[in-house]
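Undergrad: Under UniProt numbering, think of the first position of the sequence shown as 1, with each following residue one higher. C-beta: ideal position from N, C-alpha, C; glycine also.
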Amino acid sequence: MDKLEALKSFVQVVESAGFAAAGRQLGLSRSVVNKHVQRLEDELGAQLLRRSTRSVTLTGTGEGFYRRALSLLADYEDAVNAVRELQDEPTGDLRINAPMSFGTLHLSTLVADFCAANPHLRVELVLNDRFVDPLEEGFDITLRIGEVPVSTSLVVQEIAPSNMVVCASPTYLQTHAEPATLQDLKRHRCLHYGYQASGSNWRLQVAGRIQAVPINCVMWSNNGQVLRDAAIAGNGIVLLPTFIVGDALQNGQLRTVLVDTPPVPTSLLALYPRHRHLSTKVRLFVQALSARFNERPYWDLVS
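1. Enumerate in chain order the residues of its own chain whose CB-to-CB distance from Ala255 is below 7 Å, with the five nearest sequence positions on each side excluded.
2. Kindly list the residues whose CB is nearer than 6 Å to the CB of Ser303, restricted to its own chain and excluding five residues on each side of it in sequence; keep chain order.
3. Along the chain, where does the beta strand (DSSP E) containing Asn34 start, and where does it finish?
4. Does DSSP classify Gly194 as helix, strand or coil?
5. From the DSSP secondary-structure annotation, give me the bridge partner or partners of Tyr272.
6. So, using beta-carbon positions, are Leu154 and Leu40 closer together than 8 Å?
7. Measuring CB atoms only, is the stretch 90-107 touching the stretch 211-227, in the sense that at least three cross pairs come out at less than 8 Å?
8. Would you call the stretch 74-84 in contact with the stretch 110-118, where contact means no fewer than 3 C-beta pairs closer than 8 Å?
9. Buried or exposed: which applies to Asn34, given that a residue is buried once 16 or more other Cβ atoms fall within 10 Å of its Cβ?
10. Give me the Cα-Cα distance between Val238 and Glu89, rounded to the nearest whole angstrom.
11. Can you give the Cα-Cα distance for Gln12 and Gly18, rounded to whole angstroms?
12. I need the DSSP call for Thr171, collapsed to helix, strand or coil.
13. Is the CB-CB distance between Val32 and Phe10 below 8 Å?
14. Since Cys190 contacts Asn216 with CB under 8 Å, what's their CB separation in whole angstroms?
15. If I'm right that Leu268 touches Ile159 with Cβ under 8 Å, what's the distance once you round it to whole angstroms?
16. Mind checking residue 337: buried by the 16 CB within 10 Å criterion, or exposed?
17. Do Ile145 and Pro99 count as a contact pair if the criterion is CB distance below 8 Å?
18. DSSP three-state call for Val11: helix, strand or coil?
19. Does DSSP put Arg67 in a helix, in a strand, or in coil?
20. Return the chain-ordered ranges of every alpha helix (DSSP H) run that is complete within the stretch 196-240 and spans a minimum of 4 residues.
21. Can you tell which of Tyr298, Pro297, Thr280 and Leu301 has its C-alpha closest to the C-alpha of Val83?
22. What runs of the beta strand (DSSP E), each 3 residues or longer, lie entirely inside the stretch 111-166?
23. Less than 6 Å between C-beta atoms, sequence neighbours within five positions excluded: which residues of the same chain meet that for Pro263?
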């Protein structure tokens, strides 16, 4: 007996509530479907279905077996799809969402290289700084920096660290003097990043504990590159991730300050829907991200 076909027949009888209807769904005759289920019951030594002239219902044993049969068939389909995708070149659409600054500074080359390596994929890259749930908004993968809401429907994979620094231009520090303590931030010109609203505190690590430190905010923006440029121009002290200010730190346009009380580190995270089998296109893109932005990403090498 083909056990896989017998399982399929049994499950379809349950879902179609009859042998004839199951046969139509499977492209088999009623008698063949009945034979599959009968042989399955004979092998198990248990009655799975109650048959009458009007209905077909599960027995108590059949209910438990039906749940297991569904799981077994799903595992089989999963395994088949996994093998097929390993053999097949990824095709179709890959929809990616990422933060604005990170996307413009670091994803353009990676995505171009990924497209060249996978010519049958069509990639859509959407950039914004709000949280985007890939399930709700139809993205295959979302990249985010820092904390994200917990969801059992999403896989959250850390791609790389995203360190933060407090920094200012040499010109600003010559004019205003370098802050020596956290309290000095209330007397300095501070440039603050925020997505939806301006803020008056920076989260810094003090003796191993996170502390909300009051600042004197003279400029607020929801774009980190704008604040980086303002800091380079000598407009004040800024707290930003190294993926935005790494180059400016390397070439001397900016200098780190308050190194003994650093900002709270974050991570670059990849979020994608939790499926039994990860699609080839998402798997390959996650691999490309991990290869390009690893445990010590290049923006930290220059900072």
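TA: If we stick to the structure as given:
1. According to the sequence shown, residue 255 is Arg rather than Ala. These residues qualify, in order along the chain: Cys167, Ala168, Pro170 and Leu173.
2. Low confidence applies here, because Ser303 scores a pLDDT of 44, under 50, leaving its location unreliable and the question unanswered by this model.
3. No beta strand (DSSP E) contains Asn34, which is instead part of the alpha helix (DSSP H) from Arg30 to Leu44.
4. coil
5. Val155
6. no
7. yes
8. no
9. buried
10. 45 Å
11. 8 Å
12. helix
13. no
14. 5 Å
15. 5 Å
16. Beyond the ends of the chain as shown, which are 1 and 303, falls residue 337; an answer cannot be given.
17. yes
18. helix
19. helix
20. 224-232
21. Thr280
22. 121-127, 141-145 and 154-162
23. Met164, Leu204 and Leu239
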